[in-house]
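Numbering (the working numbering), first residue to last: 131 to 231. Glycine is no exception: its CB is placed at the ideal position from the N, C-alpha and C atoms. Note that the structure is predicted; figures quoted are calculated from it, not measured. First up is the structure itself, then whatever we jot down about it.
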Amino acid sequence: MLMQTANALAVRLMLAAPSPSPGPGQGPDTQGLANWLRDIFGPLFLVVVSLVALFFLFTREITRFVQFIVLVVAIAVIFYYPGIIETVATGAAKALGVKGG
C-alpha cells in the first residue's frame, strides 16, 4: 500500500514538473492543446446538443428545433474543422477578384 502511494506521488510530481520553455524565436506548440480541447469538449458538445434537441422535439417546438440544428451544424463545422474558415474565406476572396499575397 505504501509503495503504491509512493509510486502515485512520484508520477504526479513528474507530470507536474515544468516543461522546458521554447527557444528564442519559437512559440509554444498549441496544436496539442487544440487537439486536447477537441477531445474533451467534443463528446460534451454532442451530449448537450442531443439533450436540447430531444427537449425541443418532445415539447413539439419544431421551429426552434430547426433553428437549433442549423446553429449546431455551423458551430460543429467550425469546431471540428477549424481550417475550413480559412478555406472558405480564401475561396470567397478569389470569387470576388481580390488578389492575395
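| Query | Result |
| --- | --- |
| Reduced DSSP secondary structure (H/G/I, E/B, other) of P173 | helix |
| Contact between the segment 164 to 179 and the segment 204 to 211 (3+ Cβ pairs under 8 angstroms) | yes |
| Cut-off 8 angstroms between Cβ atoms - residues of its own chain near L187, not counting five sequence neighbours on either side | F195 |
| Test item: CB-CB of V200 and V179 under 7 angstroms | no |
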